[in-house]
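Each step along the sequence shown adds one to the number in this note's numbering, with nothing skipped, and position 128 is 128.
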Amino acid sequence: LVCHRAARQKWILQQYMYDTQNTNTSNKTRRKKRSSRRSLSALFLQSQASAAFAIDIHPGATIGAGVMFDHGTGIVIGETAVVGDGCTLLHGVTLGGSGKTDGDRHPKVGRDVLIGAGTSIIGNIKIGNRAKIGAGSIVLRPIPEGATAVGVPARIIGRSLEARPGTNQDTSLLDVGHLATGGGDNADNNKSIRKQQKLESSVVTSTTATLDSTEEQDKDSSLSSDSSDTKKDSHHLCPYQNYTSVRARKGTITFCQLRSILSEYKCIYSKEEGNNINSNNNKKRGIDLQLIGAIFLELDTKHCGYITVNTFQKKAPSVFTKFLSSDIIESIALNTTSNSSSEEQQQATQILVDQVVNKVCSE
Numbered sequence: 001l002v003c004h005r006a007a008r009q010k011w012i013l014q015q016y017m018y019d020t021q022n023t024n025t026s027n028k029t030r031r032k033k034r035s036s037r038r039s040l041s042a043l044f045l046q047s048q049a050s051a052a053f054a055i056d057i058h059p060g061a062t063i064g065a066g067v068m069f070d071h072g073t074g075i076v077i078g079e080t081a082v083v084g085d086g087c088t089l090l091h092g093v094t095l096g097g098s099g100k101t102d103g104d105r106h107p108k109v110g111r112d113v114l115i116g117a118g119t120s121i122i123g124n125i126k127i128g129n130r131a132k133i134g135a136g137s138i139v140l141r142p143i144p145e146g147a148t149a150v151g152v153p154a155r156i157i158g159r160s161l162e163a164r165p166g167t168n169q170d171t172s173l174l175d176v177g178h179l180a181t182g183g184g185d186n187a188d189n190n191k192s193i194r195k196q197q198k199l200e201s202s203v204v205t206s207t208t209a210t211l212d213s214t215e216e217q218d219k220d221s222s223l224s225s226d227s228s229d230t231k232k233d234s235h236h237l238c239p240y241q242n243y244t245s246v247r248a249r250k251g252t253i254t255f256c257q258l259r260s261i262l263s264e265y266k267c268i269y270s271k272e273e274g275n276n277i278n279s280n281n282n283k284k285r286g287i288d289l290q291l292i293g294a295i296f297l298e299l300d301t302k303h304c305g306y307i308t309v310n311t312f313q314k315k316a317p318s319v320f321t322k323f324l325s326s327d328i329i330e331s332i333a334l335n336t337t338s339n340s341s342s343e344e345q346q347q348a349t350q351i352l353v354d355q356v357v358n359k360v361c362s363e
């Protein structure tokens, strides 16, 4: 890390010197040409560190304070990647790009995040603060704050119970509020989920025996099913599959219900909104799925996969205030983006909570 920070200083200095020498060019042209500029001293330090420690960190990557590489061998961090303060990365972690040759293309890891050994996080996606990623996972979609994800592709299995997972280093994922550990109605939900998974596996097993005999017929129909396969693939990559399987009950709010309601609200995201990458100020859109997931996990303290309406009415105002900016809340609840007092913001938050409850009860 010391060698990387020295290389990064050289890298930033080279970019700064180029900007000062080309002040008359447009920003777009300057960024394009600046990306081709390379600091030889920074690349030399990076190559020497890679040869000595088997860790490949691009000089342009941003790494916060208090970051620890446990063992460290095989860690790869791309140019536009960001690692927040207090994170722990075990050996074999890859923060890889989305395939583009330039531009913002690498993951953004929040504060106090634990990333297990052999994990690959690909693309310009965000890993929320206090998240935990299990060993050997492949993360292709954003993970909300406080979530624990594991698998290929990574799925959210619960919420992190520690205040600072990056410091505690719970690599075995013992301090996790698992969705499957609840009782009562949640146990029934899990039984139904297991039955459905067994049924799906039995169907797949029975159908594989007949695939060889019908292979020629399937070639003609495969062309017409490409669009449906794309939709299925995107569903399989969704990290919230364990929560979308929970059935809705009277007097409760599931993740699917909260997602469908909040995603319908169109609001303007400010340019400085850190939770929304590549946002467009002139276009209104629904609340990001990552924010919805963080809100739901914060409310689901019993790890049941649903929230009672009474609990939602009590805790949702403070949770909305924590994860959503005042501009977003006001544009949704009061249809305005003007600055207001704290009392008016609390009123807007309560209006948003009441709107969600009324929609759930009317279903």
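Built from N, CA and C at the ideal position, the CB exists for glycine as well.
- Each residue's CA atom was taken as its position, placing G177 and Y240 some 15 Å apart.
- Closest option to V360, judged by alpha-carbon separation, among I295, L258, V319: L258.
- Here the region 6 to 14 makes contact with the region 50 to 66; the two share three or more CB pairs at distances below 8 Å.
- The DSSP assignment places 68 to 70, 88 to 90 as complete runs of the beta strand (DSSP E) inside the region 27 to 94, in order along the chain (cut-off: 3 residues).
- Of the other Cβ atoms in all chains shown, fewer than 16 fall within 10 Å of the Cβ of V152; this residue is therefore exposed.
- Secondary structure remark: continuous beta strand (DSSP E) runs of at least 3 residues inside the region 121 to 157, in chain order: 147 to 150.
- Three or more beta-carbon pairs drawn from the region 89 to 105 and the region 65 to 74 are found closer than 8 Å, and the two stretches are therefore classed as touching.
- Assignment of beta-bridge partners to T308 by DSSP yields T252.
- By the Cβ rule, the region 317 to 329 does not count as touching the region 159 to 175, because fewer than three pairs are nearer than 8 Å.
- For G177, there is no enclosing alpha helix (DSSP H); the residue is found in the beta strand (DSSP E) stretching over 176 to 178.
- Rounded to the nearest whole angstrom, the CA to CA distance from G78 to T171 is 24 Å.
- When secondary structure is reduced to three states using DSSP, V2 falls in the helix class.
- The straight-line gap separating the alpha-carbon atoms of T321 and G97 is approximately 33 Å.
- Excluding five sequence positions before and after F312, the CB atoms of its chain that fall closer than 8 Å to its own CB belong to I253, L299, V353, V356, V357, given in chain order.
- Assigned with DSSP and collapsed to three states, K10 falls in helix.
- With a beta-carbon spacing of about 12 Å, V150 and S160 fall beyond the 8 Å limit used to define contacts.
- Membership of Y243 in the alpha helix (DSSP H) is indicated by the continuous run 241 to 244.
- Excluding the 5 residues flanking it on each side, P317 has same chain C-beta neighbours closer than 8 Å at Q346, T349, Q350, V353, in chain order.
- Taking the C-beta atoms as reference points, S263 is found no nearer than 8 Å to G293.
- With a cutoff of 8 Å on beta-carbon distance, T148 and K132 are scored as near each other.
- In this structure H106 is buried. Its beta-carbon is surrounded by 16 or more other beta-carbon atoms within 10 angstroms.
- When the five nearest sequence neighbours on each side are left out, no beta carbon in the same chain lies closer than 8 Å to the beta carbon of K250.
- Per the C-alpha coordinates, the member of K314, F323, N310, C304 positioned closest to I295 is F323.
- Around the CB of F69, 16 or more other CB atoms lie within 10 Å, so the residue is classed as buried.
- Looking at the DSSP output, G96 sits in a beta bridge with I122.
- For the set V113, T308, L291, the Cα lying nearest the Cα of V319 is the one of L291.
- Non-local beta-carbon contacts of G103 in its own chain, meaning distances under 8 Å to residues more than five positions away in sequence, involve T80 in chain order.
- Per DSSP, I295 is one residue of the alpha helix (DSSP H) stretching across 289 to 299.
- Under DSSP, the beta-bridge partners assigned to L114 are T88, K132.
- Around the Cβ of G84, a 10 Å sphere holds 16 or more other Cβ atoms; the residue is buried.
- By the neighbour-count criterion, in which 16 or more other beta carbons inside 10 Å mark a residue as buried, E145 falls on the buried side.
- Here F255 is buried, its C-beta having at least 16 other C-beta atoms within 10 Å.
- A direct Cα-to-Cα measurement between A51 and T308 gives close to 55 Å.
- DSSP places G286 outside any alpha helix (DSSP H), giving it a letter other than H or E.
- Around the beta carbon of Q48, fewer than 16 other beta carbons lie within 10 angstroms, which makes this residue exposed.
- For K108, the pairing in a beta bridge is given by DSSP as V82, K126.
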